[in-house]
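Comments concern the structure below.
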Amino acid sequence: MTDENLKYKIALGQIPGLGPINAKNLISYCGGIKEVFEADKQKLLKTPGIGKITTTSILQNKHLLKDAEDEIKFITKNGINTRFYLDEDYPFLLKQCSDAPLMFFEKGTVSYENRKIISIVGTRNATQRGKEICDQLIKELADSRHNPIIISGLAYGIDICAHKSALKYGLDTVSVLAHGFDRIYPAKHKNIAAEIVKQGALITEFTKGAKFERQNFLQRNRIIAGLSHATVVVESAAKGGSLVTADIANSYNREVFAVPGRLEDTYSEGTNWLIKIHKAFLLQSAKDIEYILNWEQNINPKQKVLFVELSEDERKIAQILQKNGKTVIDNICKESGFNSAKASTLLLEMEFKDALRCLPGKVYELAGNIQI
Numbered sequence: 001m002t003d004e005n006l007k008y009k010i011a012l013g014q015i016p017g018l019g020p021i022n023a024k025n026l027i028s029y030c031g032g033i034k035e036v037f038e039a040d041k042q043k044l045l046k047t048p049g050i051g052k053i054t055t056t057s058i059l060q061n062k063h064l065l066k067d068a069e070d071e072i073k074f075i076t077k078n079g080i081n082t083r084f085y086l087d088e089d090y091p092f093l094l095k096q097c098s099d100a101p102l103m104f105f106e107k108g109t110v111s112y113e114n115r116k117i118i119s120i121v122g123t124r125n126a127t128q129r130g131k132e133i134c135d136q137l138i139k140e141l142a143d144s145r146h147n148p149i150i151i152s153g154l155a156y157g158i159d160i161c162a163h164k165s166a167l168k169y170g171l172d173t174v175s176v177l178a179h180g181f182d183r184i185y186p187a188k189h190k191n192i193a194a195e196i197v198k199q200g201a202l203i204t205e206f207t208k209g210a211k212f213e214r215q216n217f218l219q220r221n222r223i224i225a226g227l228s229h230a231t232v233v234v235e236s237a238a239k240g241g242s243l244v245t246a247d248i249a250n251s252y253n254r255e256v257f258a259v260p261g262r263l264e265d266t267y268s269e270g271t272n273w274l275i276k277i278h279k280a281f282l283l284q285s286a287k288d289i290e291y292i293l294n295w296e297q298n299i300n301p302k303q304k305v306l307f308v309e310l311s312e313d314e315r316k317i318a319q320i321l322q323k324n325g326k327t328v329i330d331n332i333c334k335e336s337g338f339n340s341a342k343a344s345t346l347l348l349e350m351e352f353k354d355a356l357r358c359l360p361g362k363v364y365e366l367a368g369n370i371q372i
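Numbering of the sequence shown is given in the working numbering, commencing with residue 1 and proceeding in unit increments.
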């Protein structure tokens, strides 16, 4: 990636009022990242989802290219990498989320490919019980054969407990920040952040000097949920950011787990509520995660040759999966031309025939080497 390309990628993500969904639409419609900044008013207005206000914002904020050059100097000096949503190393699970960040910055190195990934979140006011449960859960995950990546947000309470326990038990851990790399918040966690860089990564979609606002934490929460196969809420009051993260995870069709507590415990109100309204599985141990996510059956699977009788439409889907590997239903619809209702029916029928597997996040893959 050249600095010229990187400059446009950084600048596009900083345009006021332009979210990641419309930014991706612009890149697709204009034919490239640089072409967005070279497009005139009429072309921008023709882009789906882009109105007059956003067009004006794009045309009036080309000075952001200069700011992006300063950001490039900063990240180069500080050993910070970038992952753009069209890059091969952009995390697969996050890429399936329509509002995933256009690009994020990363300090440290983690390979997300073919890894099991769990986010663990909870209240900043964690109880001793909550910390002990968090530590025990991560110990059990570390003792298993699955070697998952632990995702959290570096905040006080359950977040920092999750990171510390992952470091203690030798698991990779990733902290999603709500600010740029010119600071660490809370400052008290600087030393832990430095350890995370050695055994995982710090990531953020924010540039240096970005305003530190409440909205940043909500944006961060969607990345925590989007990176993961499942989100675990250890403790939460009746209201809190952890419940927002759980809600986002549910919206992404990812599994959510919650640790139950006594009715009178303030910081179990949120987790008990998630379980009560069937927005989360009750979590007692790591084995619950392994069972629900079907991890045990996926250890060293034998790529068997399958002789399955498929209809013409089913063969079309099988060919798509054979070509692409793990694929979400939206991409299956795009490539096959089937609407979502028809595709869902065909996928279910193929699952009944043991021709494919439905993975967490509504991701599909062939169950073996199918003779098409």
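C-beta: ideal position from N, C-alpha, C; glycine also.
Asked                                                                                                     : Found
Residue span of the beta strand (DSSP E) that contains Phe-84, given as start and end                     : 81 to 84
Boundaries (first-last residue) of the beta strand (DSSP E) holding Leu-356                               : 356 to 359
Close Cβ partners of Gly-49 (< 6 Å) along its chain, the five nearest in sequence each way excluded       : Asn-22, Asn-25
Touching by the beta-carbon criterion (3+ pairs, under 8 Å), the segment 64 to 71 and the segment 7 to 19 : yes
Cβ neighbour criterion (16 or more within 10 Å) applied to His-278                                        : exposed
Residues that Leu-366 bridges to, as DSSP identifies them                                                 : Leu-356
Pair within 8 Å by beta-carbon distance, Lys-73 and Phe-181                                               : no
Burial state of Glu-290, where buried means 16 or more other Cβ atoms lie within 10 Å                     : buried
Cβ-based neighbour list, Ala-100, same chain, cut-off 7 Å, excluding 5 preceding and 5 following          : Pro-20, Tyr-85, Leu-94, Gly-226
Selected residue, minimal CA-CA separation from Ala-166, among Ala-193, Tyr-185, Ala-178, Leu-177         : Ala-193
DSSP-derived helix/strand/coil call for Ile-10                                                            : helix
Residues bridged to Phe-281 (per DSSP)                                                                    : Phe-257
Three-state secondary structure (DSSP) of Val-176                                                         : strand
Closest Cα partner of Val-110 within the set Glu-351, Gln-199, Glu-38                                     : Gln-199
Same chain only: Cβ atoms within 8 Å of Pro-301, ignoring 5 sequence neighbours per side                  : Reliability of the predicted coordinates at Pro-301 is poor, the pLDDT of 48 falling under 50, and the value obtained from them is presented with this limitation in mind. The answer is none, since no qualifying residue turns up.
Counted within 10 angstroms of its Cβ, other Cβ atoms place Asp-159 as buried (16 or more) or exposed     : buried
Residue closest to Leu-141, alpha-carbon to alpha-carbon, out of Gln-96, Leu-347, Ile-120                 : Ile-120
Close beta carbons around Val-328, own chain, < 8 Å, minus the five adjacent residues each side           : Gln-96, Gly-361, Lys-362, Val-363, Tyr-364
Unbroken alpha helix (DSSP H) run spanning Glu-290, endpoints                                             : 286 to 292
Collapsed DSSP secondary structure at Gly-130 in the structure displayed                                  : helix
Inter-residue spacing [alpha-carbon to alpha-carbon] between Ile-27 and Lys-334                           : 18 Å
Every unbroken beta strand (DSSP E) inside the segment 64 to 110 [3 residues or more]                     : 81 to 84, 103 to 108
Where Ile-150 falls: helix, strand or coil (DSSP)                                                         : strand
Status (buried if at least 16 other CB within 10 Å, exposed otherwise) for Lys-116                        : buried
Where the alpha helix (DSSP H) through Thr-245 begins and ends                                            : 241 to 251
Beta carbon of Arg-220 nearer than 8 Å to that of Val-176                                                 : yes
For Thr-266, the three-state DSSP class (helix, strand or coil)                                           : helix
Asn-272 versus Leu-348: straight-line alpha-carbon distance, rounded                                      : 32 Å
Burial state of Gly-157, where buried means 16 or more other Cβ atoms lie within 10 Å                     : buried
Distance between beta carbons of Ala-249 and Leu-274, contact taken as under 8 Å                          : Not really, about 11 Å apart at Cβ, beyond 8 Å.
Through-space distance from Val-36 to Leu-45, alpha-carbon basis                                          : 12 Å
Residue environment, Glu-235, which counts as buried when at least 16 other CB atoms sit within 10 Å      : buried
Cβ-Cβ separation, Phe-104 to Ile-75 (assumed contact under 8 Å), whole Å                                  : Their Cβ separation, rounded to whole angstroms, is 11 Å, which puts Ile-75 and Phe-104 out of contact at 8 Å.
Same chain, Cβ closer than 8 Å to Asn-78, neighbours up to 5 away in sequence not counted                 : Lys-107, Phe-181
Alpha carbon of Asn-324 to alpha carbon of Thr-47, nearest angstrom                                       : 28 Å
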